[in-house]
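Data first, discussion second: the structure below is written as C-alpha cells.
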Amino acid sequence: MFHENALLFLIILPFLGAILAAMQHENARNTEAWLSAGITLSAFVIAIMLYPYVEDGGVIRREIEWMPELGMNFSLRMDGFAWMFTMLISGIGLLVVIYARYYMSPQDPVPRFYAFLLCFMGAMQGVVISGNLILISVFWELTSIFSFLLIGYWHHNAAAREGARMALIITGAGGLLLLFGMVLIGYIVGSYDLDVVLASGNTIRSSNMYVPALLFVLAGALTKSAQFPFHFWLPNAMAAPTPVSAYLHSATMVKAGVFLLARFWPVLAGTDQWFYIVGFAGMASLAVGAYFAIFQQDIKGLLAYSTISHLGLIVTLLSLSSPLAAVAAIFHMMNHATFKASLFMAAGIIDHESGTRDMRKLSGLFSALPITATLAMVASAAMAGVPLLNGFLSKEMFFAETIVEHRDSWFDTATPYIATLASAFAVTYSIRFIHAVFFGPKAEDLPREPHEPPHWMRLPIELLVLACLLVGVIPGFTIGPYLHTAVVSVLGARTPEYSLAVWHGFNLPLIMSALAFVAGILLYLALRYYLATSPEDPPGLRWLKGQRIFDRVLVTVSWRWARWIEANFGTRRLQPQLRILVGTALVVGAWPLFDSGFLSESVRLQKVDPILAVLWAVGISCAVGAAWQAKYHRFAALVLIGGAGLVTCITFVWFSAPDLAVTQLVVEIVTTVLILLGLRWLPKRLEEVDSSSRIAARLRRNRDFFLAIISGVAMGIVSFAIMTSAPADSVGEYFLQNAYSGGGGTNVVNVILVDFRGFDTLGEITVLGIVALTVFALLRRFRPAADSVGLPEQQRIQNAYDDAQQDRELGETAHDFMRVPSVIMNWMFPIIIVLAAFLFMRGHDLPGGGFAAGVTMAIGFLLQYLAGGTRWVEDRLRILPVRWIAFGILTAMMTGVGSWLFGYPFLTTFFRYINIPYIGDMPLASALLFDLGVLLLVVGATVLILIAIAHQSIRSHRARAIKTEAEERV
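First residue of the sequence shown: 267, per the numbering used here; consecutive thereafter.
This is the structure:
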C-alpha cells in the first residue's frame, strides 16, 4: 500500500508545505528555504522509491471515489512517463528552492514566493499523475493560476503585471478548451478513466467527434507550451523572478503541453489532421523561436525564445507519428530540462551580480565569474547540440527522423531543411550569449561590481551541468534504463529498437549537424556588430512579435467589439440592462415550452382553498406594490417586500413544510434589516424637471412594470405546470422513503441538503462566502454621495427630541425610557444563541438545521449592533467573520474528506445511535459536522456584510466630524 498512498503524498505535500510557508514571518528566509527544501526533497525521495513499481511498464494506481456514478473519481496514476516528470518536477524544484534562497532579496516577501512556488509544484504534479481526464483539467488550470501569481510576484512592476495577465488569458483560455476536449473524449470512450482512454485509440480516431476533440486538446497543449501562434506570452513572462523562470521553462508549465501531447500520442496521433496541425505548429515554433532568439538583448528573452524553439522541436517529433520520433521527443524533454534550468540560473547570477541582463551592456565577465562562465558555456553548448553533451544526442535523433518520409507531401519534404536552419540559428544564439557576456573588453559602468556568487547558489547549476556531461558521454549507463521506462509506458508494444550510442558513424544526421554548426558560426560573425547595438525587434518578422499580436487582439476586442456592444446595448442605468436580460430570458425560456406544447398539456386548473387564494392575493399585491413604490418610497417598498415574504412563509406552513417556513422567516428578518440599514446609502432619486421628461419616465416605468408582471406570471405558470404534471412516483417519494434509512434523519429537507445533495450544498455555501467577501470589498471602497453623509432625517428628529426632553423636569426619565428597546435587545442575545443551538441540534430530525441556525445566530449579532452601536459591540466582542467563513468551508470539506479515510466516496454520511446515560439513545450522524460548517459560514457571511454597512456609518461620522471641525476653524 505504500506505493499507492505515496501518490497521495506527492499531491498533498506541496500544498501542505505552501500553507506552512504562508504562515511564516516575512523575513524568515532561512526557515522558508529549509521548509521548502524539505518538502521538495521528500517528494524527490518518494519518487525514487517508486521506481521499482513502474519499471518495465508497471503502473501504480490510487483511486478515491468522488462521483462514481458519473465516472469522476479522484484517481491518481503513475507509470514510467509520469515518474520521469515527477523526478524532474521534484528534483529541479529542489534545486530551484536552494537557488532562490540566495537569489531573492531580503526585502522580498518570501513566504508568498515559496507558498506560490510549492502550490505550482503541487499543481504540476497533479497534471502528470492524474488518472482521470477531468482531474487533469482541474490541475491544468491550477498551473495557470499559480503561474499567474508567480509571474506577477513583483506586482509593483508594470511588466510583471502585464506578463502575468497575458499568460493567464492565453493559458486559461486554452485550459477551458482543453476541458471541452476532455469531455468529448470521455463521451466518445464512455469513461473519463485515463487507462480506459489510452486503450481506446481506434475508437477515438474513428469517431465523428475526433476532429473537434483533437482541436480542443491541441488548443490546450499548444497554448500551455507557447507554440505558434500562441508563442508570444512566454517571453513576456520573463518579468518573473529568475527562479520562477528556471522552473517554469524546465520542468513545469510549458512542459505540461508537450507532456499532454506525448501522453495522448497513442490515441490521437497517426492521422493527417494530427500530422499537419501539430507539425505546422511545431515547425513554425522551431524556426520562429530560434530566429527571434538571435536578436534578443535580454538574456532571459533569448532563453525564452530558445525554449519556444526547443519545444517546437519536441512537438515536431510528436507530429511525425513515428515511434522512434516519440522516443526522441521524450529524450529531448529530459535533456532540455537540465540545460535550460542551468542556463536560467546562470542568467540569474549574472543579473544578481552585475545588476543587468542587457547583453549590450555586458562584456568580459569571464574574469569576474570564471566558474559561472564555464558552467554557462557547457550548458549553452548542450543547447546548441555540441557533441559529448546530452543535447547532441536527442538532436541527432531528431535529424534522423526528419529525413524519413512519413507523409507524401511537400511539408514532409521541407522538414529536414527547416530543422537544419533552426539548428543553425540555435548555434548562433548560443554563441552570441557566451561571447557577448563573458568575452571581449571588460564592461564598465555596471550597476554592481560582479563577482562569483555563494557556492550554494552555484551548486544547482553545477549539478545540472554535470548531468548534461554524464548523459552526453555515457548515456546508456546514466539515462538509458530510465528513458526506456518512460518510453515503454507511452508506446507499450510499439516501443522500437533504438540506440543511445554517442557515435553512429558518418551519416546524414551528422552532416546536417556539421552544416548547422558552420552556418551558425558564420551567421554570428555576420551579425556580430549589428547585434551589439540593434533593437530587439528581428528584421523582417517584426509583425510576429508577441506583444504586438496580443495588444492588437485586445484592442480589437475591447475597443471595437466591446465599444460597439456598449454603444448599442450599454447604459449607465441598471434598469435597461435588467430589461434586456429579463426580456431575453423570457423569450428564450418561453419559446421551447410553447413550441413543444408543454404548457397547454401540463397546465390544469386545480381547486384552490379560498383562504389560501386570499392569502396569495395579499402576497401578490405586496410584491406588485413593492415594485411600484420602489421609485417613490423605498421604505414602503421594503415593508411590502416583507409582507410578500411573510405570505411565502405562511404558504410553506400551509403545505406542511415547517422547515422551509423557519428558514424563510429568519432569512426574511435578516435581509429586511440589512436592506433597511443600506437604504440610507442609496442615491437620492432625481426628479424630472420638465413635462416631457416626466412623461418619458412614466412610460419607461410602465414598460418595466408590465415586463416584470409578464415574467413573473410566466415563471409561475411554468412552476405550476411542472408541479401539477409531476408523476406519482416522483423524486420526492424517493427521498421520503430513504431519508431515514439512508441519511439517518426524519427531516427530509435537511437530509437532502447535508446528505443526498451535500455536494450541491458545499458549492452553494462556497458561493455564499464569495458573495459576502465581494460585498465587503465593495462596501469598503464605497464612498456615499455628499448628501448621504449627514445624519438621516429620523435620527436628527430623535436627537432633537432627546435634547428637548432633557431640558424638562422629567427629561432624564423620558431619555432612559427611550433606551428600553436597546436593553431588551441586549438581553435577547443569549436567548437567541440558545435558540440557534436548539435549531441546529434538532435539524436532522425536526425543522431546523445549520442554515436556519446560522441565520438565527446572525440575528443575535445583528441586534447587538443595532442596540449598542458598532464601537460598543466591537470593544466587547471580537467576531472575526472572515475566520467563521474559512472554518465553515474547511469544516464542510473535511467532513467529506473524512469519508475517504474509510474507503467511501466524498461526503458519504455515517450515522448510528449512541446511548447516553439518563438520556437514552441519541442519533449521531457525520452530517452534523457538515451542518456545523454551514452554520459557521452563514454566520460569518451575514455578519461580514453587517460589519461592512456598520463601518460605513463610522466613516461617515468621521467625515461629518472633520467637516464640522473645518467649519469651526473657519
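Note that CB positions come from ideal geometry on N, CA and C, so glycine has one too. Keep in mind the model is a prediction, meaning the values are calculated, not measured.
- With a cutoff of 7 angstroms on beta-carbon distance, residue 591 and residue 583 are scored as near each other.
- Under the DSSP assignment, residue 383 falls in the alpha helix (DSSP H) whose first and last residues are 376 to 395.
- Between the C-alpha atoms of residue 876 and residue 883 there is a straight-line separation of about 10 angstroms.
- Setting aside the 5 residues that flank it on each side, residue 464 is surrounded in the same chain by 532, 533, each with a C-beta closer than 7 angstroms to its C-beta; the list follows chain order.
- Ranking 846, 1160, 1212, 745 by CA distance to the CA of residue 1193 puts 1160 first.
- At a Cβ-Cβ threshold of 7 angstroms, residue 1038 and residue 1207 count as neighbours.
- In the three-state scheme derived from DSSP, where H, G and I count as helix and E and B as strand, residue 1000 is classed as helix.
- Within 10 angstroms of the beta-carbon of residue 541 lie 16 or more other beta-carbons, which makes it buried.
- Looking at the DSSP output, residue 329 sits in a beta bridge with 341.
- Secondary structure at residue 1016: helix, using DSSP grouped into helix, strand and coil.
- Around the beta carbon of residue 300, a 10 Å sphere encloses fewer than 16 other beta carbons of the protein chains shown; the residue is thus reported as exposed.
- Take the alpha-carbon of residue 539 and the one of residue 477: they are about 8 angstroms apart.
- Distance from the Cα of residue 1174 is smallest, within the candidate group 1040, 1021, 418, 1153, for 1021.
- 381 is the residue among 381, 1017, 282 whose C-alpha sits nearest the C-alpha of residue 292.
- Between residue 727 and residue 641, the C-beta spacing is below 7 angstroms.
- The beta carbons of residue 1190 and residue 1180 sit closer together than 7 angstroms.
- Residue burial annotation: residue 1026 is exposed, with fewer than 16 other C-beta atoms found within 10 angstroms of its C-beta.
- Boundaries around residue 795 are those of the alpha helix (DSSP H), 774 to 799, since no beta strand (DSSP E) includes it.
- A straight line joining the alpha-carbon of residue 734 with that of residue 753 spans about 20 angstroms.
- Cβ contact annotation for residue 731 (same chain, cutoff 6 angstroms, sequence separation greater than five): 608, 641, 644, 645, in chain order.
- Distance from the Cα of residue 669 is smallest, within the candidate group 779, 367, 701, 270, for 779.
- Taking residue 568 as the centre and dropping the five residues before and after it, the same chain places the C-beta of 559, 562, 695, 699 closer than 7 angstroms to its C-beta, in chain order.
- Sequence-distant Cβ neighbours of residue 913 in its own chain, meaning closer than 8 angstroms and more than five residues away, are 881, 882, 884, 885, 888.
- Burial is judged here by how many other beta carbons sit within 10 angstroms of a residue's own beta carbon; residue 998 has fewer than 16 and is exposed.
- When only Cα atoms are considered, residue 1171 and residue 398 end up about 15 angstroms apart.
- Note: residue 1177 is bridge-paired with 1191 in the DSSP secondary-structure output.
- Counting every other CB atom within 10 Å of its CB across the protein chains shown gives residue 1130 a total of 16 or more, marking it as buried.
- For residue 323, the CB contacts under 6 angstroms within the same chain, skipping 5 residues up- and downstream, are 754 in chain order.
- The region 1139 to 1156 makes no contact with the region 966 to 979: fewer than 3 CB pairs, one atom from each, lie closer than 8 angstroms.
- When secondary structure is reduced to three states using DSSP, residue 574 falls in the helix class.
- Spanning the alpha carbons of residue 460 and residue 336 requires a straight line of approximately 15 angstroms.
- Ranked by how close their Cα comes to the Cα of residue 682, the residues 553, 486, 394 have 553 in first place.
- Between residue 430 and residue 414, the C-beta spacing is below 7 angstroms.
- A contact between stretches requires three or more CB pairs, one per stretch, nearer than 8 angstroms, and the region 341 to 358 meets this requirement with the region 314 to 328.
- A distance of 7 angstroms or more separates the beta carbons of residue 384 and residue 304.
- Contact check for residue 426 and residue 505: beta-carbon distance about 4 angstroms, within the 8 angstroms limit, so the pair qualifies.
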